[in-house]
Structures are given as structure tokens and as C-alpha cells.
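K.L.:
Chains as they are written, first to last, in this note's numbering: chain Z, 254 to 463; chain G, 7 to 242.
Built from N, CA and C at the ideal position, the CB exists for glycine as well.
Right, I'll just put the structure down here and ask away after.
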């Protein structure tokens with residue numbers, strides 16, 4: 254098999270093979286991507302996870318990921334280093350996410366902090382920052398007990414409103430009111446918590462809320 | 007409050023939340039719900055189906071990766087384009103890579119090229135009888151520019167990207183409102199239900215659950231310094 258491939262390379266001679274070889278060398282030299290597909294393969298998982306952490310549902314995360322690549326790749330310079338390409342994709346993701354929220358909800362619900370994502374990427378070799386569960390737990394711990402209970406049952410144990418109502422011995426509509434108040438209060442606590450707030454989406458929350 | 011509850015419900019079922027005009031207090035609650043949801047589950051993997059579909063879309067738009075490095079893979083439209091119909095039907099998302107079809111006049115301004123539409127690509131608004139009608143001067147449409155036009159029968163937008171002219175319908179595929187050009191954002195926006203499209207017609211956001219078709223393309227060419235679209239002639 255190797256022999257076959259070798260002889261074909263010798264036969265064709267060839268500019269193409271030389272270019273391919275040169276590209277590989279080039280790749281080693283400055284850490285650039287050889288083609289858009291390599292950019293895509295190397296980044297699609299990271300961008301998808303980043304978006305999913307910001308919208309928390311698959312359909313939106315897929316659409317927004319698609320938008321990032323469809324927007325960014327046509328104008329991408331492949332001479333850029335991998336780190337530059339990664340920053341560019343993250344910056345595009347930030348813009349795409351901001352547009353998504355503004356169009357659908359009138360203001361930005363969550364945002365991407367490019368510097369923070371970059372720092373996390375350096376620390377964890379390309380993975381987005383881990384979700385801030387310890388911080389959220391601290392906020393939950395400061396909620397009145399029934400508020401905390403409704404959020405834990407809903408988000409951690411993934412119970413339906415009906416099941417939550419059954420668990421807490423209240424009506425479904427009261428459970429709804431409880432959930433709403435709990436989210437509002439948790440958001441308040443997150444805003445007040447100077448040490449970290451409500452996890453990765455908290456930054457510049459106050460700005461957005463003006 | 008019902009809208010926040012509905013948002014939470016949709017997110018917990020991994021569905022797309024329905025849009026509404028959120029007040030700042032709502033936003034804080036929605037953000038908390040997203041943080042809780044994201045933190046409570048392990049980081050998800052993109053589905054293989056999704057990454058494959060998007061790769062096909064990108065290939066349709068960008069061509070085969072680096073042909074010089076991969077001489078065995080001459081750019082052939084069959085592969086990526088073959089997947090497009092399924093993509094558009096299934097997702098209706100930006101998927102429909104706006105630049106992929108045959109509506110671009112390739113090469114210099116003197117070369118009016120009109121290719122047959124690729125199978126499964128965006129629909130082309132091609133009248134049974136019509137005429138090439140000048141909608142702009144080439145010199146008034148530099149790289150990156152976009153401008154609206156109205157031939158009487160058809161309204162739309164023409165622009166130039168990567169040296170090529172393109173033209174799309176200016177009527178929203180949702181319920182038919184006239185789209186407005188948002189120049190800074192490089193988007194076409196519908197004033198009625200906040201749908202939006204890329205300048206080449208790909209759906210960016212849509213107001214209802216389910217797919218919205220991309221904007222139909224309009225045949226366009228450059229001839230003797232004039233940008234022309236092929237549309238029906240308005241009855242007088």
C-alpha cells in the first residue's frame with residue numbers, strides 16, 4: 254500500500270505533491286490550518302459547547318454554531334495562526350449570540366466574554382470554561398428553602414412542574430409562581446455576589462440590564 | 007411571568023424557547039435559568055448528524071478544502087450539494103449557504119454568467135418571460151456594497167461580495183412583508199415578525215417554530231458597466 258502510494262507520487266511528479274508537502278512543513282512552522290475543513294473539524298465542538306452553555310438548548314445551539322462558521326469561514330485568512338483563528342471564531346460567536354438575543358428577546362440575555370473564553374482555552378487546551386456550578390450552588394444555598402427546593406427539583410432533577418407541585422404539596426400554579434420568584438431572587442443574589450455571581454453568564458449583566 | 011415559565015419549560019425539554027420582548031427583570035431570570043440548566047448537565051456533544059450537515063453546507067459554499075493540498079479531490083458540486091435539499095428542509099437554517107448556487111456572475115464585470123441552479127438550492131425567481139433590467143451602475147456597487155431595487159414587478163437587493171454580484175428577492179418568505187436593509191449588521195430584516203436573512207438570502211432568524219425558506223435568488227449579471235437583473239416586466 255505504501256509502495257503504491259509512493260510510486261504514484263513519483264509518477265505524478267508533481268507540483269501538487271510538492272505543494273502538499275510544503276503545506277505540511279508550513280503547518281509545522283507557524284501553526285496555521287491547512288484548509289477550512291481543518292478549521293471546522295478542530296473548532297466545531299468547542300463553538301457548539303460554548304453556544305450551548307449560552308442558550309441551553311440544542312436547536313438554538315446548532316443554528317448559532319452554523320451561523321458562526323457560515324459567517325466566519327468565507328472571509329478567513331488561512332495564513333493566520335491557530336490561536337488567531339480560534340479568537341476570530343470566538344469573536345464571531347460573540348456577535349452572532351448578541352444578534353440572536355436582540356432579535357428574539359430585545360436585549361442580550363447572555364453574552365460571550367472573549368477574553369474569558371481565551372483564558373479558559375489556554376488553560377484547558379480548547380475547552381470552554383466549565384460551567385460555574387460551585388458558584389451557582391453558593392447562590393442556591395442563600396435562597397429560602399422552598400425557593401432552593403423548586404430550582405433544584407426543576408434543574409437538577411429535571412422534574413416537571415406537576416411533579417414539583419406534588420413533591421412540595423402545592424398547586425401547579427403556585428409552583429409556577431415559586432419558580433419565578435426563585436429565579437428572580439437567585440438572579441438578584443448573583444448580581445450582588447461580588448466574588449463571582451451566577452457563573453459564566455454573569456459578566457456585564459448589570460450593563461445589559463440598564 | 008408566563009413567558010419566563012414557558013422559556014424555562016422549553017429549555018428544560020431542550021427545545022428552542024419562543025421569542026418575546028423581555029423586560030430587564032425577565033432577562034435576569036432567563037439568564038439564571040440558562041446558567042442553572044447549563045451547569046446542571048455535562049457539556050453536550052454536537053450530534054454527528056449536525057456536524058456532517060454543517061460540513062456539507064460549508065463545502066457547498068466554500069468548495070472542497072484546499073484543492074492544491076488535495077489534488078485527488080477536485081471540486082465537484084455533487085457531494086456537498088447533494089445534501090442540501092435535506093438540510094434546507096430539515097433545518098431551514100443558515101444552512102442554505104447563500105453563495106452556493108448559480109446566481110453569481112463569476113469573473114470580471116464583462117462576463118455575464120448564469121448557471122443552472124444546483125439541485126436542492128434556494129429557489130430561483132425566474133419568470134417565464136422577462137427582461138434584463140438595469141438596477142445599478144457597476145461603479146456604484148463596489149465590493150461589499152448592497153442596494154435595494156424595484157423593477158415594478160420585483161423588489162430585491164443586489165450586492166457584490168468577493169468580486170461577484172448577487173441578487174435576492176426583498177420579500178420576506180414568512181408572510182410577504184418587504185424586507186429592510188440593515189447595512190451595519192449586513193442583514194435583511196422583516197419589519198413584521200422580526201425574521202432576518204443574510205444579504206444572500208440565508209435565514210438567520212425566523213419568528214415561528216419550524217423552517218422558513220431562504221430568499222429566492224434573482225438572476226443577475228453585469229453588462230457594459232450596468233448591473234442587471236432578469237425579472238418579469240411590470241404591466242403598465
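#1: Would DSSP call residue 329 of chain Z helix, strand or coil?
#2: Secondary structure at residue 391 of chain Z, three-state DSSP: helix, strand or coil?
#3: Using only the alpha-carbon positions, how far apart do residue 389 of chain Z and residue 435 of chain Z sit?
#4: Quick one: Cα of residue 226 of chain G to Cα of residue 172 of chain G, how far?
#5: Please confirm if the segment 312–323 of chain Z is in contact with the segment 55–64 of chain G, defined as three or more CB-CB distances below 8 Å between the two stretches.
#6: If you drop the 5 nearest sequence neighbours on each side, which residues of the same chain put their C-beta closer than 8 Å to that of residue 280 of chain Z?
#7: Say whether chain Z places a C-beta atom closer than 7 Å to the C-beta of residue 203 of chain G.
#8: Have a look at residue 20 of chain G and residue 44 of chain G and give me their C-alpha separation to the nearest angstrom.
#9: Run through the DSSP bridge pairs and tell me what residue 405 of chain Z is partnered with.
#10: Report yes if the CB atom of residue 395 of chain Z is closer than 7 Å to the CB atom of residue 442 of chain Z, and no otherwise.
#11: Checking the sheet assignment: what are the DSSP bridge partners for residue 154 of chain G?
#12: Ends of the beta strand (DSSP E) at residue 193 of chain G?
#13: Work out the CA separation of residue 203 of chain G and residue 417 of chain Z for me, nearest whole Å.
#14: To the nearest angstrom, how far is the alpha carbon of residue 359 of chain Z from that of residue 429 of chain Z?
#15: Looking at residue 304 of chain Z: is its Cβ nearer than 7 Å to the Cβ of residue 314 of chain Z?
#16: Mind listing the chain G neighbours of residue 409 of chain Z? Cutoff is C-beta to C-beta under 7 Å, in chain order.
#17: Three-state secondary structure (DSSP) at residue 234 of chain G?
#18: Could you check if residue 167 of chain G is buried or exposed, using at least 16 other CB atoms within 10 Å of its CB as the buried criterion?
#19: Taking residue 241 of chain G as the reference, which of G:159, G:199, G:176 has the closest Cα?
#20: Note down the Cα distance separating residue 406 of chain Z from residue 412 of chain Z, rounded to an integer number of angstroms.
P.N.:
Answer, in terms of the structure:
#1: coil
#2: helix
#3: 13 Å
#4: 6 Å
#5: yes
#6: Note that residue 280 of chain Z has pLDDT 45, beneath the 50 cutoff, so the model's placement of it is unreliable and no number is given.
#7: no
#8: 11 Å
#9: Looking at the DSSP assignment, residue 405 of chain Z forms no beta bridge with any residue, so it has no partner.
#10: yes
#11: G:163
#12: 193–195
#13: 41 Å
#14: 24 Å
#15: yes
#16: 46
#17: strand
#18: buried
#19: G:159
#20: 6 Å
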